[in-house]
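Using the UniProt record's numbering, read the sequence shown as starting at 1 and increasing by one per residue. All C-beta atoms in this analysis are idealised placements derived from N, C-alpha and C, irrespective of residue type, glycine included. Shown next, in structure tokens, is the structure this report addresses.
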Amino acid sequence: MAKVNISLDAELVVEVMVLAGVGSPQDAVEAVVRDYIARGHRTEARVQSQDEPRRTTDSRPPLPEG
Numbered sequence: 001m002a003k004v005n006i007s008l009d010a011e012l013v014v015e016v017m018v019l020a021g022v023g024s025p026q027d028a029v030e031a032v033v034r035d036y037i038a039r040g041h042r043t044e045a046r047v048q049s050q051d052e053p054r055r056t057t058d059s060r061p062p063l064p065e066g
């Protein structure tokens, strides 16, 4: 996997390290990024599962009225 070097505010990284309970700045930031990505995937899956009944309902022809 390719590596990327970035600069972050030291106070921000220390806070992430404390919240994540990780001793390494690299590991702390990586954990936050992985969690953010996983959360996005869970949200996408939830939206798709909620949207699925609407799609199946919309695909039926309208019932005759009257």
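With contacts defined by Cβ atoms closer than 7 Å, Val16 and Val4 do not form a contacting pair.
DSSP, reduced to helix, strand and coil, places Asp9 outside both helices and strands of the structure shown, so it counts as coil. A distance of 7 Å or more separates the beta carbons of Ala20 and Ala10.
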